[in-house]
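Student: Take a look at the following structure, please.
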Amino acid sequence: MKLTLVVQRCGEEVQGGAEALCRAWAKRLAARHEVEMLTTCALDYTTWADHYPPGPATVDGLRVTRFPVARVRDPRRFALYSDIVLRDHHTADEERVWIEENGPVSPALLDAVRQSTADLLLFFSYRYWTSFHGAAAVPGRAVLVPTAEDDPVLAIGAYAPAFRAARGHLFLTPEERDLVQRVAGDSVPHAVIGSGVELVAAAAGIDLRARFGLETPYLLYVGRLDGGKGVDVLARDYLRFCAAHPDAPVLVLAGRQHLSLPEHPKLRALGPVSESEKRALMEACALFVLPSPHESLSIAVLEAWALGRPVLANGRCAVLAGQCLRADGGLFYDGYGEFEQALQLLQGRADLRDALGRQGRTFVERECAWSAVDARLEEALARFAASPARG
Amino acid sequence: MSIEIRAEDVNVEEIMRQIRRRIDEKRRGLYTDDELREIAEHRLDAVLDAGEFNPDFVADFRGGTARWNYRFHTETIYRSSRGAVGRALETIRKLLKPIQKLFWNPNPMISALSRQSDLNLYFVELFHNLSRELTKLNLENQELKNRVLTLQGRLDLLARREKTLEDMVVYRDDPGAEGPEGPR
């Protein structure tokens, strides 16, 4: 089969769940199909300014073609329309403006999508201009990989017809499928694929005490440090927990920092860490904490389980709560009261933490091995290709 | 209620049910009487241990009134604790009571000390109840503070939006300024 994967940005430096998923799937699919990737020249999702040169390139051994972005994002207009469209009564026109402002606007990419001769085109992240207009340009061949989260964007009315026009939907979790089908119905062929996780041991030889001055036990968060990921709320809840429980373990935050954190001796922000450092940190942590209120699938949670570590996740995100319940690999919380109770319980029970970590690892071995993901993906794409074209 | 979990074959759904039940119990009456008492006693500990008070006072306080308060009756000042000799002494004191009353009147003192003993009991009860009420009010205060923070956040959001809208109106009214791109 000839497949084209369309994603908002792609490059070695790009950090982002959907982009990483696109690359991972592309690598797996390239072993059996003719695969190309179409993307923009952008690196920074806050501006969409061109960073990479336009034209063909190779990323991870994959054929990628990049197209320039027509205009950078105006943060003031984007904030205003976000405020109107996501928090207030609004019109259909305002929704369309919001999609333009959200970007990345790339008419050249859209032309390439129209000219593509692929059997199926997979569009990653429904919310971006590239997927919204791209999927509309080739409705009979468009497969949406929504990576949808339970946030107000999903309620934007303009997206529902776009979802319904696709030839198929590929979801990461059953919760994500339910979210999308709540707004778009279940008439489109679909499948829950998930994502694979490499079951590799942590990098040996990294002395966390020497490199970061860390003593065990500690709690760990790895990812972008910003409000959208719930890190500000985590810091607030954790300091409140520390005030009530002076024996609380240190909280280690690893990742690029986009917000200011309160000064506290038990709150340690390490900045960005390498992949091997991340694995070493994960393997040694007492508990992996994920405060994000919006996720379509957390790879970090799967990685923590792959290393046998338990998880404490934000239960307001139905996906994270669902992951914890399906794997029996972690607890989740809704508000400070549950955060305190769950953390207090896990802090005092090393045997419980180990048991949750073990169960998480069993789940990852069973559900997230790449061979299982490949089989689900192949079955779904064959079914979509054989189904009558829509739109 | 404590959360009881066995570490083999852990069921997350069950743990979460227990955690939520525990929180529901707390929310229903904020805290149980036992927990309030525990919290109140912890605060008392902190105050007493930090100052120059007798560190045994808290233990005495909890041990019952007989260990720290006194009982005072009209006959208390004539009693003795010296066994048989003491009983003889008490008899002599009673006999000499009319003569003693020629020199001073002990009744106001007896009355004052007796009332003070009752007041001590009353103050203990009062302080105990006050510390419980204070704990409740602290919790309520915390909840209200959180609500104020939420409302403040919403207010800031609306203020920002108002400011942006005002800026954009000025932007558009200025014929010399290059306006923002319109909707596509």
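The listed protein sequences derive, respectively, from chains A and B. Take the first sequence: its letters are residues 18 to 408, numbered as in the numbering used here. Take the second sequence: its letters are residues 281 to 464, numbered as in the numbering used here. Here a beta-carbon is modelled for each residue, glycine too, at the ideal position from N, C-alpha and C.
1. Quick test of the definition: if touching needs 3 or more C-beta pairs under 8 Å, does the region 61 to 73 of chain A touch the region 88 to 100 of chain A?
2. Establish whether the CB of residue 349/A and some CB of chain B are separated by less than 8 Å.
3. Across which residues does DSSP place residue 54/A in a beta bridge pair?
4. To which residues does DSSP link residue 274/A through a beta bridge?
5. Determine the closest residue to residue 245/A out of 312/A, 35/A, 73/A, with distance taken between C-alpha atoms.
6. When DSSP labels each residue in this structure, what does residue 13/A get in the three-state scheme?
7. Check this for me: beta carbons of residue 250/A and residue 238/A, under 8 Å apart or not?
8. How close, in whole Å, do the beta carbons of residue 444/B and residue 97/A come, if the pair is a contact with beta carbons under 8 Å?
9. Of all the CB atoms in chain A, is at least one closer than 8 Å to the CB of residue 293/B?
10. Label residue 325/B either buried or exposed according to how many other C-beta atoms from any shown protein chain fall within 10 Å of its C-beta, with 16 as the threshold for buried.
11. If you measure from the beta carbon of residue 441/B to each beta carbon in chain A, is any gap under 8 Å?
12. Taking Cβ positions only, does residue 334/A come closer than 8 Å to chain B?
13. Hey, does residue 430/B have any beta-carbon neighbour from chain A nearer than 8 Å?
14. Could you name each continuous beta strand (DSSP E) segment of 3 residues or more that falls completely within the region 180 to 224 of chain A, going from the start of the chain to the end?
15. In three-state terms, what does DSSP make of residue 49/A?
16. Going along chain B in order, which residues have a C-beta closer than 7 Å to the C-beta of residue 39/A?
17. Helix, strand or coil, according to DSSP, for residue 371/B in the structure here?
18. By the DSSP assignment, the alpha helix (DSSP H) with residue 258/A in it spans what residues?
19. For residue 301/B and chain A, any beta-carbon pair shorter than 8 Å?
20. Please compile the residues from chain B whose C-beta is within a distance smaller than 7 Å of the C-beta of residue 359/A.
21. Could you give the distance in angstroms between the alpha-carbon of residue 100/A and the alpha-carbon of residue 315/A?
22. Among 441/B, 375/B, 429/B, which one has its Cα closest to the Cα of residue 358/B?
23. How long is the line joining the alpha carbons of residue 286/A and residue 193/A, rounded to whole angstroms?
24. I need the DSSP call for residue 387/B, collapsed to helix, strand or coil.
25. Any heavy atom of the ligand COA closer than 7 Å to the CB of residue 179/A?
26. For the beta strand (DSSP E) that contains residue 286/A, what are its first and last residues?
27. Cβ atoms of residue 196/A and residue 167/A: under 8 Å apart, would you say?
28. Determine the extent of the beta strand (DSSP E) in which residue 73/A is found, giving its start and end residues.
29. Are the C-beta of residue 396/A and some C-beta of chain B separated by less than 8 Å?
30. With which residues is residue 67/A paired in a DSSP beta bridge?
31. Who are the Cβ neighbours of residue 175/A in its own chain at under 7 Å, not counting the five residues just before and after it?
32. Along the chain, where does the alpha helix (DSSP H) that runs through residue 119/A open and close?
33. For the pair the region 222 to 233 of chain A and the region 288 to 308 of chain B, tell me if three or more CB-CB distances fall below 8 Å.
34. Go through its chain and collect everything with a Cβ distance to residue 263/A's Cβ below 6 Å, but skip five positions before and after it.
35. In angstroms, rounded to a whole number, what distance separates the CA positions of residue 105/A and residue 440/B?
Tutor: In brief:
1. With the cut-off at 8 Å, the region 61 to 73 of chain A and the region 88 to 100 of chain A touch.
2. yes
3. 22/A, 81/A
4. Residue 274/A is bridged to 242/A.
5. 312/A
6. The structure shown does not extend to residue 13/A, since chain A is modelled only from 18 to 408, so the question has no answer here.
7. no
8. 5 Å
9. yes
10. Here the model assigns residue 325/B a pLDDT of 49, short of 50, so the residue's position is not dependable, and the following value carries that caveat. By the neighbour-count rule (16 or more Cβ atoms within 10 Å), residue 325/B is not buried but exposed.
11. yes
12. no
13. no
14. Here the runs fully enclosed are 185 to 188, 207 to 209.
15. coil
16. Within 7 Å Cβ-Cβ: nothing; residue 39/A doesn't reach chain B, min ~26 Å.
17. helix
18. 248 to 261
19. no
20. 299
21. 27 Å
22. 375/B
23. 31 Å
24. helix
25. Of the ligands one can find in the structure shown there are none, so the ligand COA has no counterpart to examine.
26. 284 to 288
27. yes
28. 72 to 76
29. no
30. 59/A
31. 109, 112, 113, 116
32. 109 to 119
33. no
34. Cβ neighbours of residue 263/A beyond the five flanking positions: none.
35. 14 Å
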